[in-house]
Amino acid sequence: MDTVFTFGNGPNNQPTSLLFGPDFMFSKLYQLSPPEDLTLAVLSARPLPLYNDEAMWNKAMAVTKDKYGPVSQVFIVCDQDNILQEDFQRWMIENNPTDDVKLISGSDHMPMFSKPKKLCFCLQEIAEKYR
């Protein structure tokens, strides 16, 4: 693919950032989204930092009741996501149980572009149920 990695700490160390290229974005993130949204995403793309401290990353990303408290958790599954495929999304739900699971059929990784009406309806349902 056309993703570019930057090695800010030298070529013998792990990459420090990545920049998704247009082909990657088309095939993995926006494959079901309108072309104008893909074009805007490509033009707006910026490098993403990569954090190589695994212990820090695991601690920061841990999903616990202490972090969420009484806030209800809902996972929205995007069944055509080419980055987080549905079986992996289901594994995430199984390992970090939520109060509810919603499905947006026919959605890529960017449901706000590929299925905006379905996403809005889904968010409205969640807001009404968990207010």
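First residue of the sequence shown: 1, per the UniProt record's numbering; consecutive thereafter.
Ideal placement from N, C-alpha and C gives every residue a C-beta, glycine not left out.
Since VAL42 is in the alpha helix (DSSP H), which residue starts that stretch and which ends it?
Its alpha helix (DSSP H) spans residues 35-44.
Just to confirm before moving on: does the CB-CB distance between GLN14 and ASN58 stay below 8 Å?
No, these two residues do not count as a Cβ contact at 8 Å.
Following the continuous beta strand (DSSP E) through ASP100, name the residue where it begins and the one where it ends.
Element bounds for ASP100: 100-104.
What span of residues does the alpha helix (DSSP H) with PHE88 cover, start to end?
Taken as a continuous stretch (DSSP letters only), the alpha helix (DSSP H) holding PHE88 covers 86-95.
Who are the near neighbours of TYR30 in its chain, counting only those whose CB is closer than 7 Å to its CB and skipping five residues on each side?
Closer than 7 Å at Cβ, skipping near neighbours: ASP37, LEU38, ALA41, ASP108, MET110 and PHE113.
Figure out for me which residue from GLN89, ILE76, PRO35 and ASN82 has the closest Cα to the Cα of ASP100.
Minimum Cα distance to ASP100 is reached at ILE76.
With a threshold of 8 Å on Cβ separation, who are the neighbours of ARG90 within its own chain once the five nearest residues in sequence on each side are excluded?
Closer than 8 Å at Cβ, skipping near neighbours: VAL77.
Out of curiosity, what's the CA-to-CA distance linking PRO34 and THR6?
Spanning the two alpha carbons is a distance of roughly 29 Å.
Quick check: the Cα distance between PHE20 and PRO97, rounded to an integer number of angstroms?
Taking the straight line joining both Cα atoms gives about 30 Å.
Cα separation between LYS117 and SER105?
Between LYS117 and SER105, the C-alpha separation is close to 12 Å.
What residue does the beta strand (DSSP E) around ILE76 start on, and which one ends it?
Element bounds for ILE76: 74-78.
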